[in-house]
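Below is one structure, written out as structure tokens; the observations come after it.
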Amino acid sequence: MSAGRVKAVVFDFDGVIVESGDIKTEAFLELFAAYPEHLPAIKRHHLDNLGVSRFKKFAWIYDELLHLPFDTGEKIRLGDRFSAIVFQKVCETPFVPGAREALDALARAGVHLAIASGTPQDELDRIVDARGLRPFFAEVHGSPTEKATAAASVIRRWSLAPDEVLFVGDGTTDHVAATTAGVRFLARRTPDLAEHWAAVGCACVDDLCGLERLVVS
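Under my numbering, the sequence shown has 234 at position 200, and the numbering climbs by one with no breaks.
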């Protein structure tokens, strides 16, 4: 990384720390399997909004595609079903290559670490604990906390300048959050967004192998 040392890294979770991006995509398709005519649009909306709360996506699907009421009861029902589909799979899915090693190395180097995810807070906490990741992270932010707010919390906690913080994400909403907070951004490149990252000129990596060398060099 150029222009000074990074002192804190904020990670998205799905698709950045663990290979759970496809799990969430498949869960949306399973959840709305009764509406096959809308599945392509549901998949596209999900992929275009990686990192956004699932509940915001549910509301969009109900408002824009199904034209059905989306009340509190339906929100709870869908949220419970989605969590039941994904929780165990996310707990068992492999790490993104190099992720666990990068966390170890960054922690040893004294870099502050945090998570900012669109996953509901209670579910994210359970996953982080189940995977034994809690000791790495001083802050774990899930929905409804906005990702830009999470990055700002990291800046305040350690009295950092925004350019001393790096946000690592795989979605356009991660990039927007980093820009809003004024922090640096590094994209984990996946096939769905490879062209987008090239078009906007974002720094990219295919995995997290050697991330610590980029951060502390």
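Ideal Cβ placement from N, Cα and C applies to all residues, glycine included.
When the five nearest sequence neighbours on each side are left out, the beta carbons in the same chain lying within less than 8 Å of the beta carbon of alanine 67 are those of Leu73, in order along the chain. Annotation for arginine 218: the continuous beta strand (DSSP E) segment containing it runs 218-222. Checking the DSSP bridge columns, you'll see glycine 203 partnered with Ala221. Cα atoms of arginine 78 and threonine 206: separation of roughly 13 Å, rounded to the nearest angstrom. When secondary structure is reduced to three states using DSSP, serine 117 falls in the helix class.
A check of alpha carbon separations from cysteine 243 across Arg218, Asp46, Ile51 and Gly85 identifies Ile51 as the nearest. Nearest Cα to arginine 39 within the set Leu200, His230, Asp226 and Asp240: Leu200.
Looking from the CA of glycine 216, the closest CA among Ile189, Cys238 and His230 belongs to Ile189. For the region 40-124, the full-length alpha helix (DSSP H) segments reaching 4 residues or more read 55-65, 73-82 and 88-94 along the chain. A Cβ-Cβ distance of about 20 Å is found for the pair isoleucine 119 and alanine 75, leaving them out of contact under the 8 Å criterion. At the C-beta level, arginine 223 and cysteine 238 come within 8 Å of one another. The DSSP assignment places 173-177 and 199-203 as complete runs of the beta strand (DSSP E) inside the region 148-206, in order along the chain (cut-off: 3 residues). For histidine 146, the beta-bridge partners assigned by DSSP are Ala42. Excluding the 5 residues flanking it on each side, cysteine 236 has same chain C-beta neighbours closer than 6 Å at Ala221, in chain order. With the rule of 3 Cβ pairs closer than 8 Å, the region 84-92 counts as touching the region 144-153. DSSP places leucine 248 inside the alpha helix (DSSP H), whose first and last residues are 245-250. Exposed is the label assigned to glycine 107, since fewer than 16 other Cβ atoms lie within 10 Å of its Cβ.
Distances from the CA of histidine 146 to each of Phe170, Arg165 and Asp208 were compared; the closest alpha carbon is that of Phe170.
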